[in-house]
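**Q** Residue numbers 2 to 384, in my numbering, belong to the letters of the sequence shown in order. Note that CB positions come from ideal geometry on N, CA and C, so glycine has one too. Keep in mind the model is a prediction, meaning the values are calculated, not measured.
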Amino acid sequence: MSRAFPASLQAEVWRRWKSGESLAQITRALSAHGSEFAQVLHRHGGIVPRARCRSRRALSLAEREEISRGMTVGQSFRAIARSIGRSPSTVSREIRRNITREGGYRAHTADQRAWDQALRPKRCRLAQYPQLAHLVAQKLQLQWSPQQISGWLAREYGADDSRRVSHETIYRSLFIQARGVLKKQLLQHLRSGRRLRHKRGYTTQGTGRGQIKDAISIRERPAQVEDRAIPGHWEGDLLSGSRRTQIATLVERHSRFVMLVKLPGRDTHSVINALTRKVGKLPKQLRRSITWDRGKEMAHHRDFSLATDIQVYFCDPHSPWQRGSNENTNGLLRQYFPKGTDLSVYSQADLDKVALRLNQRPRQTLGFDTPANVLHAHVALTD
Numbered sequence: 002m003s004r005a006f007p008a009s010l011q012a013e014v015w016r017r018w019k020s021g022e023s024l025a026q027i028t029r030a031l032s033a034h035g036s037e038f039a040q041v042l043h044r045h046g047g048i049v050p051r052a053r054c055r056s057r058r059a060l061s062l063a064e065r066e067e068i069s070r071g072m073t074v075g076q077s078f079r080a081i082a083r084s085i086g087r088s089p090s091t092v093s094r095e096i097r098r099n100i101t102r103e104g105g106y107r108a109h110t111a112d113q114r115a116w117d118q119a120l121r122p123k124r125c126r127l128a129q130y131p132q133l134a135h136l137v138a139q140k141l142q143l144q145w146s147p148q149q150i151s152g153w154l155a156r157e158y159g160a161d162d163s164r165r166v167s168h169e170t171i172y173r174s175l176f177i178q179a180r181g182v183l184k185k186q187l188l189q190h191l192r193s194g195r196r197l198r199h200k201r202g203y204t205t206q207g208t209g210r211g212q213i214k215d216a217i218s219i220r221e222r223p224a225q226v227e228d229r230a231i232p233g234h235w236e237g238d239l240l241s242g243s244r245r246t247q248i249a250t251l252v253e254r255h256s257r258f259v260m261l262v263k264l265p266g267r268d269t270h271s272v273i274n275a276l277t278r279k280v281g282k283l284p285k286q287l288r289r290s291i292t293w294d295r296g297k298e299m300a301h302h303r304d305f306s307l308a309t310d311i312q313v314y315f316c317d318p319h320s321p322w323q324r325g326s327n328e329n330t331n332g333l334l335r336q337y338f339p340k341g342t343d344l345s346v347y348s349q350a351d352l353d354k355v356a357l358r359l360n361q362r363p364r365q366t367l368g369f370d371t372p373a374n375v376l377h378a379h380v381a382l383t384d
């Protein structure tokens, strides 16, 4: 951080940023120079710098003061070394590096010099392995998350250390541009699209909720749906855009396979007809149940069940976690359809391409296999 900021203020600013406060809130609270802090914030990518600490092997200020006293009274290097429990060569090197023109030795000056010289940036892993950096960049362009890339590399290359990297290293190489490894443009491929790392937070919104006639509660759903052991059980919801546009999102619970459905409108007639056409193309073993929220777009759920032989279950009010796979997928889809996007401009073919992207991305919950592989393997076994 800037030298104008005292250490105590630096610590408080980063503490507030890490807790989720905005730059404006921090500036108001601490009366700091917002523009000055913003420059530092962007330089670090919003990632709190690690606190510097002295190596346990390095000489301490107290030891250097003992060396200074020993030299003043004319002690030998060996005698000084015995008094501080160090080797004579350590004492000899320390004095040679920091002896003054007058032949003296100043402990505080030597200690500060050692501290300043220790501030040498270590080359990050992606800088050490350019081919690995190139491979990571390729996967980021396919909208793979850093965690997916890290898991896929471990699965694909096993013990090859030059082909493995943690997801945190990828994030840091993206957000901290001073590392000079991954191009800043790759940030746009991250799910959030942010230029800075923020504290993770979640919000839930819902509209058009109400009573659904003859709705069957999720609490009556069979146990086989809950344990995800058998494919064919889906979770569904609407993803909203601008101008009252929306698409339907379906996620298979066993494989996390995604289907996207273009909707001409949000009324129950339009939604039910579109869903019926889409899921009617599925093999029978993949048409067992679907869990939806309390949106009125599913008011005609009985017509859907009669046409598809798929039982519809409804979540409890204000309980999005009961459709966890679908909620997570809707978050992934915001990378392709940011809030405020007019979803009516996308054709069904466009939506199928996005779904294919998601279905070919490795998932941690699948052992970094892909949803497409998992689902197709099951269908092949049951054919």
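1. Between C54, S77 and H109, which lies nearest to E64 when the distance is taken from Cα to Cα?
2. Tell me, which residues are paired with M260 by DSSP?
3. Can you check which of these residues, L352, Q148 and D228, is closest to P363 by C-alpha distance?
4. Hey, out of C316, R288, Q286 and L287, whose CA is closest to M299's CA?
5. Does the Cβ-Cβ distance between I27 and R16 come in under 7 Å?
6. Do N327 and D238 count as a contact pair if the criterion is CB distance below 7 Å?
7. Take every Cβ of the stretch 161-170, pair it with every Cβ of the stretch 131-138, and state whether three or more of those distances are shorter than 8 Å.
8. Among T250, F258, L62 and R57, which residue has its Cα nearest to the Cα of G233?
9. Can you give me the Cβ contacts of Q349 inside the same chain, cut-off strictly under 6 Å, excluding the 5 residues immediately before and after it?
10. So, using beta-carbon positions, are L344 and T246 closer together than 7 Å?
11. In whole angstroms, give me the CA-to-CA distance for R57 and S88.
12. For a quick check, are the C-beta atoms of V355 and S256 less than 7 Å apart?
13. V313 lies in the beta strand (DSSP E); which residues open and close that run?
14. Using DSSP bridges, identify the partner residues of W18.
15. Given a cut-off of 7 Å on the beta-carbon distance, is the pair T261 and T269 in contact?
16. Helix, strand or coil for D238? Go by DSSP, reduced to three states.
17. Flag S61 as yes when its Cβ comes closer than 6 Å to any non-hydrogen atom of the ligand MG, and as no otherwise.
18. Would I311 and R295 qualify as a contact pair, given that the criterion is a beta-carbon distance under 7 Å?
19. Relative to the C-alpha of Q286, which candidate in I213, V380, P372 and G368 has its C-alpha closest?
20. Would the beta-carbon of T366 fall within 7 Å of that of R324?
21. Could you check if G1 is buried or exposed, using at least 16 other CB atoms within 10 Å of its CB as the buried criterion?
22. Please report the residue range of the alpha helix (DSSP H) in which W116 lies.
23. Could you pull the DSSP bridge partners for T292 from this structure?
24. Quick one: Cα of I217 to Cα of F305, how far?
25. Could you give the distance in angstroms between the alpha-carbon of L141 and the alpha-carbon of A275?
26. For K19 and T170, I'd like the C-alpha separation in whole angstroms.
27. Can you list the alpha helix (DSSP H) stretches of 4 or more residues lying completely in the stretch 49-100, in chain order?
**A** Reading from the atomic positions:
1. H109
2. L251
3. Q148
4. C316
5. no
6. yes
7. yes
8. F258
9. K263
10. yes
11. 15 Å
12. no
13. Q312 to F315
14. Per DSSP, none; premise fails for W18.
15. Sequence inspection shows Leu at residue 261; the Thr mentioned does not correspond to that position. No. Outside cutoff.
16. strand
17. This structure simply doesn't include the ligand MG, nor any ligand for that matter.
18. no
19. V380
20. no
21. There is simply no residue 1 to check, as the chain begins at 2 and stops at 384 in what is shown.
22. A108 to Q118
23. E236 and Y314
24. 14 Å
25. 33 Å
26. 18 Å
27. 62-73, 78-85 and 89-99
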